[in-house]
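Asker: Mind having a look at this structure? Questions to follow.
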Amino acid sequence: MSKRVGTEASFAIADAAILADVDVVAAYPITPQTHIVEHLSEVVADGELNAEFICVESEHSAMSACLGSAAAGARTFTATAGQGLELMHEVLYIASSMRLPIVMAVSNRALSGPLNVWGDHSDVMATRDCGWIQYFTENAQEVFDLSLCAFKIAEDPNVLFPVMVHMDGFNVSHVVEPLEMLEKDDIGDFIPPMNFPHPLDPNKPVTMGAFAPPVLYTECRKSQEEALRPSKQTIIKVWNEFGERFGRQYKPVETYKTEDADTLLIAIGSFTETATVAVDTLRAKGEKVGLVRMRLWRPFPFDELRDAVKDAEKLIVFDRCISYGGPGGPLCSEIKSALYGSKEQKPVVNFIGGLGGRDITPEQFEQMFSRGREIIDNNLDIQYETIGVRE
Amino acid sequence: MNEQTLQKLKDGGELFSPGHRACIGCVEVLAVRQVCKALGKDTIIANATGCMEIVSSPLPTTNWMVPWIHTLFENTAAVASGIEAGLRAMKRKNRGPKQDVNVVAMGGDGATCDIGFQALSGAMERGHNFINVCFDNEAYMNTGIQRSSATPFGATTTTSPTGKNSIGQVTWKKDMPAIAAAHNIPYVATACPSYASDLAKKVKKAQETKGPSYLHIYSVCPTGWRSKPEMGIELGRMAVETGIFPLYEVENGQWRLTKTVKELKPIRDYIKAQGRFRHLTDDLIDEIQTKVTEKYEALLKKCGQ
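Same order as they appear, the protein sequences are chains A and B. Here this note's numbering is used: the first residue of the first sequence is 2, the next is one more, and so on. Here this note's numbering is used: the first residue of the second sequence is 10, the next is one more, and so on.
In structure tokens form, the structure reads like this:
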């Protein structure tokens, strides 16, 4: 039976890895991911997890070892953050193009410089187009549940893509929270045995990673894209099955008090929980405001987003990342382009804040709400505003 | 013994097929073939980006009859680490191949001595049960003959060109086998396809070694060295007989020459046979000769001779 425990989100990931009976973990320590790898090392050392822990010499090698392990047919897990994710960058593309079902937890962290180990979304957004399935979690329970689901999604024969499970560095990764921990008996056959279709095996030799000349490269890329997009159906199916079996339901786009709302706040990651407090306060004042929490980031949930915002008039998007010299925050860009040309097109304003671990309070979400409406109502030509910056 | 080994190699099947796209006279591809034959079919190869990857794997074709994976340039030893760990974990859980499998990482001198140096050092230090093979053709040949840290002193390459102010490569070749040996791994060896049975024996030894092995294989490149394609085997012999590329092994810390050269041949003929050294003056050739002799004597000392 599931039990209610108090634990740190980083530890909950290791527990998910034990339940999934992971074969190989290859990881390199980086703040704020360290608690994950420390705890995984411990459970391997204690024999709680029957896996090989490869203590590699860099994140580049961490992801490279994951390629080898997954290609050999082993269930493979790793975790990283910030600069580590950037050092893995080119390897991420190999994992997805080779359709290797690696699962990776990312404790989202700012990028240097200046050096900053605290949370924001600069690392995720830089890997937006690497071909992985990516989704966000907001608390320890979600980290645990959705890490478990990640193995089932990644290894589904209709998917076979690597999955990144994002959690905000420190704000989620280091927080001790109560959660419903599932146990082996609860899990049952939820995660089927790893069955990678074409592993490296001398009994049935395969060539993996042959190069593609111009005459074939476009077709390779196109087929990868055509495989990734429909993975959304499997993701939803797995989340629904998880909901039915364990009572906690997850969706690509989740909403909070959006019925009858004329204005919607849209955010991604743990600050959406903070935003719910602001929504409650504003609602108490009679404002018709709601919150849209983006969970699935890749493949992007176009239909679900359009549906979530269809009745609103004004959208206010909060980003924890700057696209230098670009249109503002990456989340807002995606939302604008998802709505552009659709019948749901409507005014969208963008705020950027919470960079490098700076907190965002419920009051600041209230500020974004009033200032955002002001920008829209007065038709001000503002690309984005930064919240909580000292001028 | 040699005859038997050769006969076995001759009788054994090919695991690297004909029809590859290597340059005429390529000795590296011959070395790959010899290594594959010696390894046998229970092998998984992780290959770095480079000549051997490019000549063997244009989609949708392949020359590899053993499971083979190419991912990137600098990560091959790390990929091999993952394969080895994955097989080990799966075996404990009664999955994956039942037989013992040789896990092999291979790449050129650039992939080994330069860009993949860190990943290789990490994999050797961690003690994975794998064989790392460096096919050393002494420059980045696949991208057009650029210098690497394994390019010999005085060689002209496209990024160490000769000119009014340059004699070509001004640094001495990085001693990669010694660096591998400094990791205190159980087996390190140099080999050259001109000595096929010596090479095969060393591959077999590496195969039987528990833990990391490092093989450094001299791979003559007529295209990059500006040498005659038909001279590849002979040049390999000259490299060994001049002491430029001695054949030795380091087994559990014990250094041993596997091909003793009673009296080193002068390097001049070796140098003169290659266009990459065409510009060298007698003084420079003498300077190289002095260094080669010194290094060979130092090696003899290590080997207790």
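Each residue gets a CB set at the ideal place from its N, CA and C atoms; glycine is no exception.
Check whether the Cβ atoms of A:A313 and A:F366 sit closer than 9 Å, and answer yes or no.
Answerer: It is not a contact, given that the beta carbons lie outside the stated cut-off.
Asker: Can you list, in chain order, the residues of its chain whose CB lies under 6 Å from that of A:A17, leaving out five sequence neighbours each side?
Answerer: Around A:A17: F145, S148 and L149.
Asker: Tell me, to the nearest whole angstrom, how far the beta carbon of B:I92 is from that of A:A72; I am working on the premise that it is less than 8 Å.
Answerer: Their Cβ separation, rounded to whole angstroms, is 7 Å, which keeps B:I92 and A:A72 in contact under 8 Å.
Asker: What residue range is occupied by the uninterrupted alpha helix (DSSP H) comprising B:L48?
Answerer: Unbroken alpha helix (DSSP H) run through B:L48: V36 to L48.
Asker: Roughly how many angstroms lie between the CA atoms of A:S338 and A:G330, to the nearest whole one?
Answerer: If you take the alpha carbons of A:S338 and A:G330, they lie about 12 Å apart.
Asker: Alpha carbon to alpha carbon, how far is A:N172 from A:K233?
Answerer: A:N172 and A:K233: Cα-Cα distance of roughly 27 Å.
Asker: Report the three-state DSSP secondary structure of B:W234 (helix, strand or coil).
Answerer: If DSSP states are grouped into helix, strand and coil, B:W234 belongs with the helices.
Asker: With DSSP as the reference, please indicate the residues paired to A:K315 in a beta bridge.
Answerer: Bridge partners of A:K315: A:T264.
Asker: Could you say if the region 242-251 of chain A and the region 89-104 of chain B meet the contact criterion of at least three C-beta pairs nearer than 8 Å?
Answerer: Contact between the region 242-251 of chain A and the region 89-104 of chain B is absent, because fewer than three Cβ pairs lie under 8 Å.
Asker: If you reduce the DSSP assignment to three classes, tell me which class A:I19 lands in.
Answerer: A:I19 falls in the helix class under three-state DSSP.
Asker: Skipping 5 residues on each side, what residues in its chain have a beta carbon closer than 8 Å to that of B:I176?
Answerer: G163, H288, L289 and L293.
Asker: Take the Cβ of B:I194 as the centre, count every other Cβ of all protein chains shown within 10 Å, and call the residue buried at 16 or more, exposed below.
Answerer: Classification of B:I194: buried, given that the 10 Å Cβ count is 16 or more.
Asker: On a Cα-Cα basis, can you pick out the residue from A:N109, A:A75 and A:S70 that is closest to A:G83?
Answerer: The candidate whose alpha carbon is nearest that of A:G83 is A:N109.
Asker: Label B:P231 either buried or exposed according to how many other C-beta atoms from any shown protein chain fall within 10 Å of its C-beta, with 16 as the threshold for buried.
Answerer: So B:P231 ends up on the buried side.
Asker: If distances are taken between C-alpha atoms only, which option among A:S11, A:Y341 and A:A151 comes closest to A:R76?
Answerer: Closest option to A:R76, Cα to Cα, is A:A151.
Asker: Under 6 Å Cβ to Cβ from A:R319, same chain only, skipping five residues before and after it: list those, please.
Answerer: In the sequence as presented, Arg is not what sits at residue 319 of chain A; that position holds Phe. Taken in chain order, the residues that qualify are A268 and F352.
Asker: Suppose only complete runs of 3+ residues qualify. What are the beta strand (DSSP E) ranges in the region 291-368 of chain A, listed by chain order?
Answerer: Whole beta strand (DSSP E) segments, 3+ residues: 297-299, 315-320 and 349-353.
Asker: Taking the alpha carbon of B:Y257 as the reference point, which residue from B:I280, B:Y196, B:P221 and B:G136 has its own alpha carbon closest?
Answerer: Among B:I280, B:Y196, B:P221 and B:G136, the Cα nearest to that of B:Y257 belongs to B:Y196.
Asker: In whole angstroms, give me the CA-to-CA distance for A:L112 and A:G357.
Answerer: The alpha-carbon atoms of A:L112 and A:G357 are separated by roughly 8 Å.
Asker: What three-state label does DSSP hand B:L81 in the structure shown?
Answerer: Coil.
Asker: If B:V88 and A:A66 are in contact, beta carbons under 8 Å, what's the gap, nearest whole angstrom?
Answerer: With 8 Å as the limit, B:V88 and A:A66 qualify as a contact, their Cβ atoms being about 7 Å apart.
Asker: Does DSSP classify B:M10 as helix, strand or coil?
Answerer: Caution is warranted here: a pLDDT of 43 is assigned to B:M10, below 50, making its placement in the model unreliable, and no coordinate value can be reported.
Asker: Using 8 Å as the Cβ pair cut-off and three pairs as the minimum, do the region 199-207 of chain B and the region 377-388 of chain A touch?
Answerer: The region 199-207 of chain B, when compared against the region 377-388 of chain A, does not touch it at the 8 Å Cβ threshold.
Asker: Hey, how far is the Cα of A:F303 from the Cα of A:L229?
Answerer: Computed Cα separation, rounded: 14 Å.
Asker: Would you list, in chain order, the members of the region 113-129 of chain B that have their beta-carbon closer than 8 Å to a beta-carbon of chain A?
Answerer: Here the close residues are Q127 and A128.
Asker: Output, in chain order, the set of chain B residues within a Cβ distance shorter than 8 Å of A:P203.
Answerer: The answer, in chain order, is K50, D51, T52, I53, V75, P76, P106, Q108 and V110.
Asker: Mind pulling the chain A residues with CB within less than 7 Å of B:G28?
Answerer: Correct list: empty, because the minimum Cβ distance to chain A is about 14 Å.
Asker: Got a sec? Which residues, its chain only, sit under 6 Å from A:D24 by beta carbon, not counting five neighbours each side?
Answerer: If we look at A:D24 and ignore the five residues flanking it on each side, its Cβ neighbours are A52, A75 and R76.
Asker: So, does the CB of B:I63 fall closer than 9 Å to a CB anywhere in chain A?
Answerer: Yes, B:I63 counts as interfacial toward chain A.
Asker: Classify B:E306: buried if its beta carbon has 16 or more other beta carbons within 10 angstroms, exposed otherwise.
Answerer: When all chains shown are included, B:E306 counts as exposed.
Asker: According to DSSP, is A:I134 helix, strand or coil?
Answerer: Three-state result, A:I134: strand.
Asker: Indicate whether at least one CB of chain E lies closer than 9 Å to the CB of A:C67.
Answerer: In the displayed structure, chain E is absent; the protein chains listed are A and B.
Asker: Report the three-state DSSP secondary structure of A:Y251 (helix, strand or coil).
Answerer: In this structure, A:Y251 counts as coil in the three-state DSSP scheme.
Asker: Evaluate contact between the region 64-73 of chain B and the region 21-35 of chain B, counting only Cβ atoms and requiring at least three cross-stretch pairs below 8 Å.
Answerer: The answer is yes - the region 21-35 of chain B touches the region 64-73 of chain B, with three or more Cβ pairs under 8 Å.
Asker: Is the beta carbon of A:E14 sitting closer than 9 Å to the one on A:A155?
Answerer: A quick correction: the sequence has Ile, not Glu, at residue 14 of chain A. Cβ atoms of A:I14 and A:A155: not closer than 9 Å.
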